[in-house]
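Undergrad: Residue 36 in the UniProt record's numbering sits at position 36 of the sequence shown, and the numbers go up by one each step.
Just so it is clear, CB atoms sit at the ideal spot from N, CA and C, and this is done for glycine as well.
Mind having a look at this structure? Questions to follow.
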Amino acid sequence: MVSWGFEDMLPAPDANPGSGSENKDADLGRCLAVDGLYLYTTNSVGRGISKLGSGLHGTLRGFVYSRNEELESGWVAFGNGRLLHRPVSFDSKPHSLFQVIDQNTLQ
1 MVSWGFEDML PAPDANPGSG SENKDADLGR CLAVDGLYLY TTNSVGRGIS KLGSGLHGTL
61 RGFVYSRNEE LESGWVAFGN GRLLHRPVSF DSKPHSLFQV IDQNTLQ
């Protein structure tokens, strides 16, 4: 197992204490998914997504290849060749399970 520090280049969450005590995003935390070449991570409150090199198969370890700061808070996962995102807002939509995110543009 290899471990290293990294900077995801995503904006830090606002530390505004008057922003409401019922902020569901504050309990979310960072989410990480791996496709074998790249690591996909959200910021510390689950918002936005960055694509980082793993250092394997010619990728540069810790290099930010792409990022999307506009992605709403949620969870990321990788499976069956697809990068998936489940926004927190889908919790109130029973017929919405996840969004498929383009691995290159992160849109």
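Tell me whether L63 sits in a helix, a strand or coil according to DSSP, three-state version.
TA: Numbered from its first residue, the sequence shown carries residue 63 at position 63. Position check: residue 63 holds Phe in this sequence, whereas Leu was assumed. DSSP places F63 in coil when its eight states are reduced to three.
Undergrad: Could you give the distance in angstroms between the alpha-carbon of V64 and the alpha-carbon of G55?
TA: By 1-based counting over the sequence shown, the position of residue 64 is 64. By 1-based counting over the sequence shown, the position of residue 55 is 55. Going by the C-alpha atoms only, they are around 12 Å apart.
Undergrad: Counting C-beta neighbours from all protein chains within 10 Å, is the total for V76 16 or more, i.e. buried, or is it exposed?
TA: Numbered from 1 along the sequence shown, position 76 holds the residue referred to as residue 76. Buried, since its Cβ has 16 or more Cβ neighbours within 10 Å.
Undergrad: Which first and last residues belong to the beta strand (DSSP E) in which P87 is found?
TA: As a working note, residue 87 is residue 87 in the sequence shown. Here the beta strand (DSSP E) through P87 covers R82 to P87.
Undergrad: Beta carbon of G48, beta carbon of L28: below 8 Å?
TA: Start at 1 with the first residue of the sequence shown, and residue 48 comes out as number 48. Start at 1 with the first residue of the sequence shown, and residue 28 comes out as number 28. No, these two residues do not count as a Cβ contact at 8 Å.
Undergrad: Which residue's Cα is closest to the Cα of A12: T59, S73 and L52?
TA: Within the sequence shown, the letter at position 12 stands for residue 12. Ranking T59, S73 and L52 by Cα distance to A12 puts S73 first.
Undergrad: Could you pull out every residue in the same chain whose Cβ sits closer than 8 Å to the Cβ of residue 109, ignoring the five residues on either side in sequence?
TA: What the structure shows of the chain is the stretch from 1 to 107, and residue 109 is not part of that stretch, so it cannot be assessed.
Undergrad: Take V100 as the anchor and find which of P87, L60 and S44 has the nearest alpha-carbon.
TA: Stepping through the sequence shown from its first residue, residue 100 is reached at position 100. Taking only the C-alpha atoms, the option nearest V100 is P87.
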